[in-house]
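Residue numbers (the numbering used here), protein chains in the order written: chain V, 23 to 370; chain W, 23 to 370.
Glycine included, C-beta positions come from ideal geometry on N, C-alpha and C.
As the structure is a prediction and not an experimental result, all values here were calculated from the model.
Inspection log for the structure reproduced underneath, given as structure tokens.
There are 2 protein chains.
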Amino acid sequence: MQSLIDIPPESAAAAEAVGEALGRVQRVFDDELSTDLPPVMDLVRHVERYRGKMLRPTLVLLCGLAGHESAGLQVQPPGSILSDAHIAVAAVCEMVHMATLVHDDVLDEADTRRRGATVNRLRGNEAAVILGDYLIAAAYHLCSRAGTPRACVAVGRASKTVCAGELLQLHHRDDSSLDEDTYFEIVDRKTASLIATAAELGADLSGAPEAARSAFSAFGRSLGIAFQIQDDLLDLTGDEEVVGKSVGKDLEKGKMTLPMIRYLSTERPAARGEMLSLIERACDERAPSHPAAAQIASLLISSDAVSYARERAESYIARAKQSLLTVPESGARRLLAAMSDAVLTRGY
Amino acid sequence: MQSLIDIPPESAAAAEAVGEALGRVQRVFDDELSTDLPPVMDLVRHVERYRGKMLRPTLVLLCGLAGHESAGLQVQPPGSILSDAHIAVAAVCEMVHMATLVHDDVLDEADTRRRGATVNRLRGNEAAVILGDYLIAAAYHLCSRAGTPRACVAVGRASKTVCAGELLQLHHRDDSSLDEDTYFEIVDRKTASLIATAAELGADLSGAPEAARSAFSAFGRSLGIAFQIQDDLLDLTGDEEVVGKSVGKDLEKGKMTLPMIRYLSTERPAARGEMLSLIERACDERAPSHPAAAQIASLLISSDAVSYARERAESYIARAKQSLLTVPESGARRLLAAMSDAVLTRGY
Numbered sequence: 023m024q025s026l027i028d029i030p031p032e033s034a035a036a037a038e039a040v041g042e043a044l045g046r047v048q049r050v051f052d053d054e055l056s057t058d059l060p061p062v063m064d065l066v067r068h069v070e071r072y073r074g075k076m077l078r079p080t081l082v083l084l085c086g087l088a089g090h091e092s093a094g095l096q097v098q099p100p101g102s103i104l105s106d107a108h109i110a111v112a113a114v115c116e117m118v119h120m121a122t123l124v125h126d127d128v129l130d131e132a133d134t135r136r137r138g139a140t141v142n143r144l145r146g147n148e149a150a151v152i153l154g155d156y157l158i159a160a161a162y163h164l165c166s167r168a169g170t171p172r173a174c175v176a177v178g179r180a181s182k183t184v185c186a187g188e189l190l191q192l193h194h195r196d197d198s199s200l201d202e203d204t205y206f207e208i209v210d211r212k213t214a215s216l217i218a219t220a221a222e223l224g225a226d227l228s229g230a231p232e233a234a235r236s237a238f239s240a241f242g243r244s245l246g247i248a249f250q251i252q253d254d255l256l257d258l259t260g261d262e263e264v265v266g267k268s269v270g271k272d273l274e275k276g277k278m279t280l281p282m283i284r285y286l287s288t289e290r291p292a293a294r295g296e297m298l299s300l301i302e303r304a305c306d307e308r309a310p311s312h313p314a315a316a317q318i319a320s321l322l323i324s325s326d327a328v329s330y331a332r333e334r335a336e337s338y339i340a341r342a343k344q345s346l347l348t349v350p351e352s353g354a355r356r357l358l359a360a361m362s363d364a365v366l367t368r369g370y
Numbered sequence: 023m024q025s026l027i028d029i030p031p032e033s034a035a036a037a038e039a040v041g042e043a044l045g046r047v048q049r050v051f052d053d054e055l056s057t058d059l060p061p062v063m064d065l066v067r068h069v070e071r072y073r074g075k076m077l078r079p080t081l082v083l084l085c086g087l088a089g090h091e092s093a094g095l096q097v098q099p100p101g102s103i104l105s106d107a108h109i110a111v112a113a114v115c116e117m118v119h120m121a122t123l124v125h126d127d128v129l130d131e132a133d134t135r136r137r138g139a140t141v142n143r144l145r146g147n148e149a150a151v152i153l154g155d156y157l158i159a160a161a162y163h164l165c166s167r168a169g170t171p172r173a174c175v176a177v178g179r180a181s182k183t184v185c186a187g188e189l190l191q192l193h194h195r196d197d198s199s200l201d202e203d204t205y206f207e208i209v210d211r212k213t214a215s216l217i218a219t220a221a222e223l224g225a226d227l228s229g230a231p232e233a234a235r236s237a238f239s240a241f242g243r244s245l246g247i248a249f250q251i252q253d254d255l256l257d258l259t260g261d262e263e264v265v266g267k268s269v270g271k272d273l274e275k276g277k278m279t280l281p282m283i284r285y286l287s288t289e290r291p292a293a294r295g296e297m298l299s300l301i302e303r304a305c306d307e308r309a310p311s312h313p314a315a316a317q318i319a320s321l322l323i324s325s326d327a328v329s330y331a332r333e334r335a336e337s338y339i340a341r342a343k344q345s346l347l348t349v350p351e352s353g354a355r356r357l358l359a360a361m362s363d364a365v366l367t368r369g370y
């Protein structure tokens, strides 16, 4: 994420502190997953390669810095604000997220993730299911030892919400009548809740008061929703090489994305009928590069569906930045704003 | 479990207290899983039917009572010893266990559990994977609110150990050279660790000192190993109607059970070779009632393999009861001993 953005000069110290802290997060992450069983270590090493944008840990750390400004404590250099608890909670959020990636790949029968083969592809669904469970257990084990009971409650609640959102999404698979309200309810739970929790906990661990914690939570929630819409768009229009994972999967797995929901709810019956039969054909073809999938993408792009989804993502980013304005200005806050803009321009 | 044992008269008060507390555990279990999303509720209701022996919650509660005697506190009637934390931790252990059952059924492609269809059979693997995750998240969320940080650490550690054990087992799937040491390492991690934790936490929550906590942990560990050996035996010789789940699954899924390991490591090369080709045929037939599976069962029974496994289970039960002798005598302790014996006589 950071490599995508230009770092404003006044944010240099915050960026440096976060960069250094991310290194510590990675070490904690690796240490916590390590085991004395070689075959288990082998799988763990594979999953370490999944580490990508580190969005959630970065949010814990940056909101930790920005939240310190709200705490009314003595101003400290960024490098001394981030505690072991920040590092632990950052690693916890990434582990929980990584577990959902590993399990999602099983559900989606995906072959590629971060330009490498998925665990399920290489080692079978069984290994992927248990490895995901191992990651979740490691996350909670770490969290329970971080000396931050409130973080444990928040991470537990968010994880439960993520699962409920995924179950709701599964219930609406292949449901071409899915409306926008339900779409946003799913996204809010399955994607935005953990991102909001990461942002809020970072600030909480720096002693930020209730009002500031709520602002960071609202910021994370809006950012998370925008992030998911951008994911929808990338699945449709992304380049598999750049995205680093299989594209066209949403369509193939019957997941209704925002552009598709928009198209089906606004086009005339004839166009709607044509789209539904194209979806059916695309599912039969089961390969995103096949003609039906390409035709779907071109219909969604030439209608207002893709631009509508893009506008919705932009408005959530505007809302996220609005939430930030209620907390004191700082180098970290500027970085959070720059990160928000980068969500919309990211190609992966 | 309790219905299988004769309750000694001096244990009547303990049995009544545990019976009443188990009712509270079930209510907490149901409350924690309930959600405002009807399709999720629908899946949760299905899983509630899985509730069977309630071994782990029963251990938390009984060790809670027996541990109180070690705490050096004023003697109280059993009904007033068990706290909300005991109830919460009992429900947590059952949720973690239930999650592993739901995921195991996906891994084993099992169709039947507790005489009903499995989630994966009814709703597909996707729903079963996420539902298991939902159960784990609910378990941690509940644990983090129980005001017992030590329990959170212990449950996190045990869950991680269970997963590592399952990954090790998966690594040795179809490994006909698996030795007893590795078998016991797998069993210790995947089955005994959570049972040991349930027993230890029950006593811990009653204020039992370190030595007593270790005794309860050792008790649970031996009990758990015996429990798993009995599971192996039931998969081989059990009646599907009585066991309430698919039998012959271990064989079909390439899991080496203790009788099989014994047979392969002690029989002469010719008998060994015959067994290996029978296993291959049984796997091809993929149905436990087919001729090869029946022949395998009969070979294992007529050799010393089954009786050897039974003796090993008996010796672990003897060890479990030995561990109990180091804690003060009580009605609850007697019930724990009676429960241990019942592990060997259970048909399900």
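Measure the Cβ-Cβ separation of serine 166 of chain V and glycine 178 of chain W and say whether it is below 9 Å. yes
Going by the CB atoms, is the gap between histidine 68 of chain V and glycine 138 of chain V shorter than 9 Å? yes
Own chain, CB closer than 6 Å to arginine 243 of chain V, minus 5 neighbours either side, in chain order: Ala214 and Ala218
So, for valine 82 of chain V: in the same chain, excluding its five sequence neighbours on each side, which residues have a beta-carbon less than 7 Å away from its beta-carbon? His108, Val111, Ala112, Cys115, Ala220, Leu223 and Gly224
So tyrosine 205 of chain W packs on leucine 129 of chain W, CB below 8 Å; how close in whole Å? 18 Å between Cβ atoms; not a contact.
If you check the beta carbons only, do alanine 342 of chain W and alanine 248 of chain W fall under 9 Å apart? yes
Contact residues within the region 182 to 196 of chain V, judged by C-beta distance below 7 Å to chain W: Lys182, Cys185, Ala186, Glu188, Leu189, Leu190, Leu192 and His193
Would you say aspartate 257 of chain W lies against chain V (beta-carbon separation less than 9 Å)? no
Given 8 Å as the limit, is there contact between the region 330 to 342 of chain W and the region 297 to 306 of chain W, that is, 3 or more CB pairs closer than that? no
Step through the CB atoms of chain V and report whether any lies within less than 9 Å of the CB of threonine 57 of chain W. yes
Over the uninterrupted alpha helix (DSSP H) stretch that includes valine 328 of chain W, give me the two end residues. 327 to 346
Beta carbon proximity, glutamate 148 of chain W to chain V, threshold 9 Å: yes
Would you please state the rounded distance, in angstroms, between the beta carbons of arginine 86 of chain V and serine 228 of chain V? I believe it to be under 8 Å. The question names arginine, but residue 86 of chain V is glycine in the sequence shown. With a Cβ gap of about 5 Å, glycine 86 of chain V and serine 228 of chain V count as contacting.
Provide the residue span of the alpha helix (DSSP H) that contains isoleucine 109 of chain V, from first to last. 106 to 129
With 16 other Cβ atoms within 10 Å as the buried cut-off, status of leucine 347 of chain V: exposed
Using the beta-carbon count (16 or more within 10 Å), is leucine 95 of chain W buried or exposed? exposed
How would you label glutamate 274 of chain W, buried or exposed, when you count the other beta carbons within 10 angstroms and need 16 or more for buried? buried
With 16 as the cutoff for other CB atoms within 10 Å, does alanine 88 of chain W come out buried or exposed? buried
Could you check whether leucine 189 of chain W and valine 62 of chain V sit closer than 9 Å to each other, using their CB atoms as the reference points? yes
Any beta strand (DSSP E) of 3 or more consecutive residues that is wholly inside the region 222 to 263 of chain W: none
Please classify leucine 298 of chain V: is it buried, with 16 or more other beta-carbons within 10 angstroms of its beta-carbon, or exposed? exposed
Going along the chain, which residues of its own chain have a beta-carbon closer than 6 Å to the beta-carbon of proline 71 of chain W, five neighbours each way excluded? Sequence inspection shows arginine at residue 71 of chain W; the proline mentioned does not correspond to that position. Correct list, in chain order: Gly138.
Give a yes or no on whether the minimum CB-CB distance between methionine 23 of chain V and chain W is below 9 Å. Since pLDDT at methionine 23 of chain V reaches only 45, below the 50 mark, its modelled position is unreliable, and no value is offered.
Measure how close the beta-carbons of aspartate 226 of chain V and arginine 172 of chain V come, nearest whole angstrom, since I'm counting them as under 8 Å. 6 Å
Between glycine 41 of chain W and the rest of its own chain, which residues show a CB-CB distance below 6 Å, the 5 nearest in sequence each way excluded? none
Counting only Cβ-Cβ distances shorter than 8 Å, please list the residues of the region 148 to 162 of chain V near chain W, keeping chain order. Glu148, Ala149, Val151, Ile152, Leu153, Gly154, Asp155, Tyr156, Ile158, Ala159, Ala160 and Tyr162
Thinking C-beta only, is alanine 37 of chain V closer than 9 Å to glycine 353 of chain V? yes
Delimiting residues of the alpha helix (DSSP H) encompassing valine 205 of chain V: At residue 205 of chain V the sequence reads tyrosine, which differs from the valine that was named. Tyrosine 205 of chain V -> alpha helix (DSSP H) spans 202 to 209.
Less than 9 Å between CB atoms is the rule here; does histidine 119 of chain W satisfy it with respect to chain V? no
Check threonine 57 of chain W in the structure and name its three-state DSSP category. coil
CB contact below 9 Å: leucine 129 of chain V versus chain W: yes
The region 59 to 85 of chain W: positions lying closer than 8 Å to chain V by Cβ: Leu59, Pro61, Val62 and Leu65
The ligand SAM and aspartate 126 of chain W: does any heavy atom of the ligand fall closer than 8 Å to the residue's C-beta? No copy of the ligand SAM occurs in the structure displayed, which carries no ligand at all.
Boundaries of the alpha helix (DSSP H) in which lysine 371 of chain W is found, first to last residue: The first residue shown for chain W is 23 and the last is 370, placing residue 371 of chain W beyond what the model contains.
Any beta carbon of chain V sitting closer than 9 Å to that of arginine 243 of chain W? no
Taking only beta-carbon positions, decide if cysteine 115 of chain W is within less than 9 Å of chain V. no
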